[in-house]
Structures are given as C-alpha cells and as structure tokens.
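The structure appears below as structure tokens.
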Amino acid sequence: MTDVVSFRNVGVRYESGPEILRDLNFSLGRGSFHFLTGASGAGKSTLMRLLYLALRQTRGEISIFGRDNIRIPREELPAIRRKIGVVFQDFRLINHLTTFENVALPLRVAGVEDLQIRKNVTELLEWVGLGDHINAQPSRLSGGQQQRVAIARAVIGRPALLLADEPTGNVDDRIAMRLLYLFEELNKLGTTVLIATHNRQLVKRFGHTQWLLEGGTLHDTTNTG
Amino acid sequence: MAFRAPPSHLPLESDSSARFLPSIVALMVALLTFSIVGLAALHDSVGQWSGQIEGSLSIQVPPTELANRSPIEREEALQKTVDAIIDEVSTLPGIARIEELSPDTMAALLEPWLGPDEVISELPIPRIIEITPETGFSYDALETRLGVIAPEAVLDDHRIWIERIADVAFSVELALALLIIVLFGATMLSVVFATRSGLSIHHRIIELLHLIGAQDGYIARQFGRHNQRLAFFGALIGLLIALPVSALIGWLGMRAGWPIPSLVLSPSFIALIVAIPFVVAMVAGITATRTVLRVLHRML
Chain A
3 MTDVVSFRNV
13 GVRYESGPEI
23 LRDLNFSLGR
33 GSFHFLTGAS
43 GAGKSTLMRL
53 LYLALRQTRG
63 EISIFGRDNI
73 RIPREELPAI
83 RRKIGVVFQD
93 FRLINHLTTF
103 ENVALPLRVA
113 GVEDLQIRKN
123 VTELLEWVGL
133 GDHINAQPSR
143 LSGGQQQRVA
153 IARAVIGRPA
163 LLLADEPTGN
173 VDDRIAMRLL
183 YLFEELNKLG
193 TTVLIATHNR
203 QLVKRFGHTQ
213 WLLEGGTLHD
223 TTNTG
Chain B
76 MAFRAPPSHL
86 PLESDSSARF
96 LPSIVALMVA
106 LLTFSIVGLA
116 ALHDSVGQWS
126 GQIEGSLSIQ
136 VPPTELANRS
146 PIEREEALQK
156 TVDAIIDEVS
166 TLPGIARIEE
176 LSPDTMAALL
186 EPWLGPDEVI
196 SELPIPRIIE
206 ITPETGFSYD
216 ALETRLGVIA
226 PEAVLDDHRI
236 WIERIADVAF
246 SVELALALLI
256 IVLFGATMLS
266 VVFATRSGLS
276 IHHRIIELLH
286 LIGAQDGYIA
296 RQFGRHNQRL
306 AFFGALIGLL
316 IALPVSALIG
326 WLGMRAGWPI
336 PSLVLSPSFI
346 ALIVAIPFVV
356 AMVAGITATR
366 TVLRVLHRML
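Chains as they are written, first to last, in this note's numbering: chain A, 3 to 227; chain B, 76 to 375.
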C-alpha cells in the first residue's frame with residue numbers, strides 16, 4: 003500500500019518551549035482508516051495541523067503524497083491542500099454564507115463550474131440530512147447541524163486524505179454513528195481517513211487502527227483498546 | 076474596473092473598514108482636488124501676469140539736464156532725444172512696436188495728482204517710450220544703444236517684478252505639488268491600514284480559505300476589489316464635495332474681479348479631475364491586493 007503520509011522522527015515545539023510532539027514515526031497508507039485518541043491537550047490538534055500543512059515540524063521528516071513537506075514550493079501548496087479534507091474541531095463555518103455556500107467553498111476555490119457545484123452540494127446536503135437547510139445560515143443551525151455542514155465541506159471535494167478533529171463531539175450517538183459510516187463509505191472509495199477523538203467507546207465499535215497520543219508520543223492501541 | 080464584484084467569501088462589507096475607508100478617501104480626495112484646482116489656477120494666473128509684464132518695456136527720458144531751460148526749450152530738447160531714441164531703437168531686431176506715450180496721455184494719467192493740463196505743461200515731466208518686444212529681442216543690445224544715444228534715459232524692464240513673481244509662484248506651486256503627493260500618499264496609506272485591519276478582523280476566514288486550497292491571489296483579489304469599490308465611492312463623494320466648493324470660490328473671485336484661469340476650463344484639466352476617482356480606485360485596488368499578498372506570503 004502506497005503511503006499518503008509518512009512521519010520520521012518528527013518533533014514539534016513552539017518557540018523555545020518543550021517538545022509537545024516527539025519522535026513520531028508512522029505512516030498512513032492509501033485507503034487506510036485510523037482513529038487518533040488522547041486526552042485533551044495531548045497534542046492531537048497539533049498533529050492534525052502538521053498533517054493539513056498549517057504547521058511545520060521543528061525536527062524530523064514528513065512526506066505527504068510522496069513530497070517532502072519542507073520542500074514543496076509555496077505555489078504548489080494550494081493544490082496539495084485541495085487533496086486534504088479537514089473537519090475542524092470548531093467547525094470554522096463562515097457565518098454570512100448559507101449552508102450551501104459553506105459546503106460549496108472548496109469547489110469554488112478550485113474553480114469548479116456552477117452547475118456541477120449545485121448538483122454535488124445539493125446531493126451531499128441531502129445525504130447528511132440537511133436538505134431542508136440549504137439556505138440557512140450557520141447561526142440558525144444547531145451544533146450538530148453545524149458539525150454536519152463542516153463535514154460536508156470537508157468531503158465535498160472527494161479528498162484523498164480526510165482529517166477530522168473531534169467530528170462527533172457535538173452530536174448524539176445515532177448521528178455520530180451515521181457520520182462515521184459516511185467516513186467509512188468515503189474510505190471504501192479510497193480516501194485515507196484519520197479521525198481524532200476522545201470518544202473511545204465509539205472507536206471500539208469500529209475495527210480500525212487506533213493510536214493513542216500520550217506524553218507527546220504515539221502508541222498503537224488497536225489490540226489493547 | 077470591476078466595481079460590481081461577485082459574491083465575496085469574506086464578509087468584508089460588515090467590517091469597520093467599509094465605513095472608515097470611503098470617509099477618509101472622500102476627505103483626502105476633496106483636499107487633493109482643491110490642491111489641483113489651486114495649482115492649476117495659480118499656474119495659469121502667474122503665466123498671464125508674466126506674459127503681461129514680459130510683453131512690454133518702457134524707457135523713461137528724464138529732463139534732468141534741462142531743468143534750467145524754459146519749458147518750450149526743454150520740451151523741444153526732450154522731443155529731440157525721444158525722436159532719436161525711437162529712430163535708433165526701432166532699427167534693432169526683436170522690436171515689435173515702439174511708441175512714445177503722448178503728452179496728452181501723460182497729462183490724463185497725471186491729472187488726478189497734479190491737476191489740469193495747464194499746470195502739467197509747465198512742469199519738467201519725464202517722457203515715456205513704450206516698447207513691445209518680440210522674438211530676437213536683446214535686452215543687452217538695447218541697453219548699450221540707449222547708453223550711446225541718451226545716457227540719462229532709464230530702461231525699465233520689470234525684471235525684478237517678474238523674478239519676484241516667478242520665485243513666489245514657483246514656491247507656491249512646489250508646495251502645492253508636494254501637498255498633492257503627500258495627500259495621495261496619505262490616501263494610499265489609509266488603504267493599507269484599512270486592508271491590514273480587514274486582514275486582522277477576517278484572519279480566521281482567510282486562514283480557512285488558505286487551508287482549503289485557495290490561492291493567495293484568489294483571497295487578495297477579494298480584498299483588492301472590495302477596497303477598489305470603497306475607494307471609488309469615497310473619491311466620488313470627495314469630488315462631489317470639492318467641485319461645487321471650488322466653483323463657489325471661483326464665482327466669488329469673479330465677483331471680486333479676478334479672471335477665470337483658462338486652464339481650469341480646458342478639456343484636459345476637466346479630464347484630469349474626472350479621472351481622479353478612477354485613478355484613486357485603481358491604485359487602492361492594487362495597493363490592497365499587494366498588501367494582502369505580502370501578509371499571506373508570511374503564512375505557511
């Protein structure tokens with residue numbers, strides 16, 4: 003299996019503080035599905051930021067889609083970022099745009115035609131149960147609905163790598179399961195998925211690789227739970 | 076210029092720069108327009124004054140040596156000198172016209188101070204010869220020739236006045252030109268600050284657009300178009316304030332007897348004034364785009 007992401011001896015520190023992530027060695031194969039667990043403040047979001055190219059490591063090597071992240075020319079970064087779908091912990095929806103426009107955003111910046119955008123976004127919003135809220139603004143939606151909008155925006159461009167930071171944090175178990183099934187569907191289509199969550203009960207219901215981030219290092223807990 | 080922008084992904088219309096920028100640009104453009112109109116009017120007026128003064132010279136022939144003679148003898152001697160000067164000087168190159176100010180004209184000019192004609196004819200009044208120079212005229216040649224014909228004659232070329240007027244006019248024109256540059260620079264600085272404040276207000280959305288793969292140019296163009304539109308409307312308001320005020324000042328000037336400077340009414344000057352909002356908007360758009368690109372470049 004070709005690696006979509008590979009980390010070798012990666013460490014991160016902010017300015018002159020202590021290393022919050024150290025000696026990270028792992029890879030995400032094409033079409034793999036991983037859960038990343040860990041207590042609050044363990045560094046899950048920092049690891050996510052490294053993966054969606056919002057942060058650079060202070061040591062070690064990161065390869066993403068076969069490219070050394072440090073050596074990727076700046077003008078090529080947008081094209082690589084378009085292959086990565088991100089569900090942010092705080093959703094980051096744009097309040098003055100409708101649900102439809104929020105979800106359509108990755109397609110708009112990629113220059114997709116209007117007709118195609120209309121078709122894809124409408125279908126996806128129906129699928130995540132927001133067909134009746136296409137023209138609603140995020141402030142009019144519940145926390146769970148906003149989360150689904152954020153997920154829809156992350157997956158609308160059929161990313162090769164999907165990163166989700168606590169995507170089930172604000173929804174009940176039924177919706178959480180439904181969202182995770184959506185991620186599984188995407189995974190079956192070849193998308194590599196990494197989900198950061200502290201809901202270990204939910205993780206146990208799926209048979210995917212589980213990593214625990216503790217003390218700044220990564221541990222495989224798939225078999226130990 | 077795209078003043079009707081497509082829907083923006085940045086809520087730029089709602090931030091404080093949407094109110095601040097047009098106001099500051101309106102104020103700056105009003106001051107800019109006053110300065111440009113003032114500069115043009117001054118330039119035009121100075122040109123007219125210089126033209127009027129430079130267009131004539133006068134030779135004064137004083138009766139200094141003839142004070143002891145009788146009025147008739149004095150006037151005859153003076154007339155002889157005047158005729159000799161006119162004959163000699165008219166042969167010099169660059170003399171368009173040479174003419175003595177007639178005794179009647181002199182008497183009429185002096186009457187308010189010296190009384191009626193009879194008194195003036197008794198007094199030793201200097202004679203005045205007026206010269207209108209043209210291309211090829213040489214002041215030095217005239218001065219040399221005059222020194223030979225009538226050493227007592229005084230040549231008045233208004234040179235000191237022209238130099239003084241030119242000095243003052245140049246200083247004022249320079250000051251106005253500097254003011255125009257400073258005002259334009261200040262307008263563009265406000266655009267930079269408004270853009271930076273917009274960047275700071277919308278930092279999270281910009282970061283989001285950046286992370287979902289928007290090119291820097293895509294984000295920068297949204298700021299550029301937004302600021303271009305705001306600057307255009309601000310400049311239009313500034314112009315609409317400045318023009319009626321300038322016209323009012325011109326009208327008050329006309330009532331006080333000042334001539335309307337012809338340059339201000341020329342098509343090229345009107346085109347320059349009309350172009351101000353477009354130029355300001357264009358420069359504001361470019362400035363905002365470049366500012367955003369510079370800031371984005373610092374992001375990973």
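Ideal Cβ placement from N, Cα and C applies to all residues, glycine included. Only a predicted model underlies this, so the values are computations on that prediction, with no experimental measurement involved.
Alpha carbon to alpha carbon, what distance is there between residue j and residue i?
i: F93 of chain A; j: T108 of chain B; result: 49 Å
i: R150 of chain A; j: V123 of chain A; result: 13 Å
i: L85 of chain B; j: L283 of chain B; result: 11 Å
i: R220 of chain B; j: I173 of chain B; result: 15 Å
i: A77 of chain B; j: R300 of chain B; result: Caution is warranted here: a pLDDT of 40 is assigned to A77 of chain B, below 50, making its placement in the model unreliable, and no coordinate value can be reported.
i: D242 of chain B; j: D231 of chain B; result: 20 Å
i: T166 of chain B; j: L217 of chain B; result: 10 Å
i: A138 of chain A; j: T101 of chain A; result: 6 Å
i: L314 of chain B; j: L106 of chain B; result: 9 Å
i: K2 of chain A; j: I153 of chain A; result: There is no way to answer for residue 2 of chain A, as the model of chain A reaches only from 3 to 227.
i: A166 of chain A; j: G145 of chain A; result: 16 Å
i: P352 of chain B; j: V358 of chain B; result: 10 Å
i: R10 of chain A; j: G62 of chain A; result: 6 Å
i: Y183 of chain A; j: L220 of chain A; result: 25 Å
i: A269 of chain B; j: A356 of chain B; result: 14 Å
i: I255 of chain B; j: L87 of chain B; result: 30 Å
i: R296 of chain B; j: T364 of chain B; result: 6 Å
i: F308 of chain B; j: V104 of chain B; result: 11 Å
i: L196 of chain A; j: S42 of chain A; result: 17 Å
I want to verify the contact list: residues of chain B whose CB lies under 7 Å from the CB of residue i, in sequence order.
i: G182 of chain A; result: Residue identity differs from the one stated: residue 182 of chain A is Leu in this sequence, not Gly. Those do not exist, as L182 of chain A stays about 22 Å from chain B at its closest Cβ, beyond 7 Å.
i: V111 of chain A; result: L284, I287, G288, A289, Y293
i: R84 of chain A; result: G288
On the three-state DSSP scale, how would you describe residue i?
i: T199 of chain A; result: coil
i: F109 of chain B; result: helix
i: R110 of chain A; result: helix
i: P208 of chain B; result: strand
i: G31 of chain A; result: strand
i: H36 of chain A; result: strand
i: Q135 of chain B; result: strand
i: F78 of chain B; result: Legend: pLDDT at F78 of chain B = 43, less than 50; position of this residue unreliable, no value from coordinates given.
i: R150 of chain A; result: helix
i: V14 of chain A; result: strand
i: W129 of chain A; result: helix
i: Q118 of chain A; result: helix
i: F245 of chain B; result: helix
i: H285 of chain B; result: helix
i: G122 of chain B; result: helix
What do you get for residue i, buried or exposed, if any count of 16 or more other CB atoms within 10 angstroms of its CB means buried?
i: S275 of chain B; result: exposed
i: V223 of chain B; result: exposed
i: N27 of chain A; result: exposed
i: W213 of chain A; result: buried
i: G349 of chain B; result: One point to set straight first is that residue 349 of chain B is Val, not Gly, in the sequence displayed. Label assigned to V349 of chain B: exposed.
i: M329 of chain B; result: exposed
i: I99 of chain B; result: buried
i: V370 of chain B; result: buried
i: Y54 of chain A; result: buried
i: T139 of chain B; result: exposed
i: H277 of chain B; result: buried
i: G217 of chain A; result: exposed
i: I119 of chain A; result: buried
i: L375 of chain B; result: exposed
My guess is that residue i and residue j are in contact by the Cβ rule of under 8 Å, so how many angstroms apart are they, rounded?
i: I161 of chain B; j: E175 of chain B; result: 7 Å
i: V14 of chain A; j: T194 of chain A; result: 21 Å between Cβ atoms; not a contact.
i: I200 of chain A; j: T39 of chain A; result: Here residue 200 of chain A turns out to be His, not Ile, going by the sequence shown. Their Cβ separation, rounded to whole angstroms, is 6 Å, which keeps H200 of chain A and T39 of chain A in contact under 8 Å.
i: L215 of chain A; j: K46 of chain A; result: 6 Å
i: L132 of chain B; j: I206 of chain B; result: 4 Å
i: L126 of chain A; j: V111 of chain A; result: So it is not a contact: roughly 17 Å between Cβ atoms.
i: I82 of chain A; j: I66 of chain A; result: 7 Å
i: L107 of chain A; j: R155 of chain A; result: 6 Å
i: A115 of chain B; j: F344 of chain B; result: 6 Å
Identify the contact partners of residue i in chain B, using a Cβ-Cβ distance below 8 Å as the criterion.
i: H98 of chain A; result: P86, S89
i: V88 of chain A; result: L286, I287
i: Y16 of chain A; result: The premise fails here: Y16 of chain A is roughly 14 Å from chain B at the closest Cβ pair, so nothing lies under 8 Å.
i: P108 of chain A; result: I287, G288
Which bits of chain A does residue i rub up against, with CB to CB less than 9 Å?
i: A250 of chain B; result: Per Cβ cutoff of 9 Å: no residues; A250 of chain B is ~46 Å from chain A at best.
i: L375 of chain B; result: L55, A56, L57, R58, R76, L79
With a threshold of 7 Å (Cβ to nearest heavy atom), would residue i be considered close to the ligand FMN?
i: G13 of chain A; result: As for the ligand FMN, it is missing from this structure, which has no ligand bound.
Please list, in chain order, the chain A residues whose beta carbon lies closer than 7 Å to that of residue i.
i: R296 of chain B; result: Correct list: empty, because the minimum Cβ distance to chain A is about 12 Å.
Who are the neighbours of residue i on chain A, taking C-beta pairs under 8 Å?
i: R279 of chain B; result: R94
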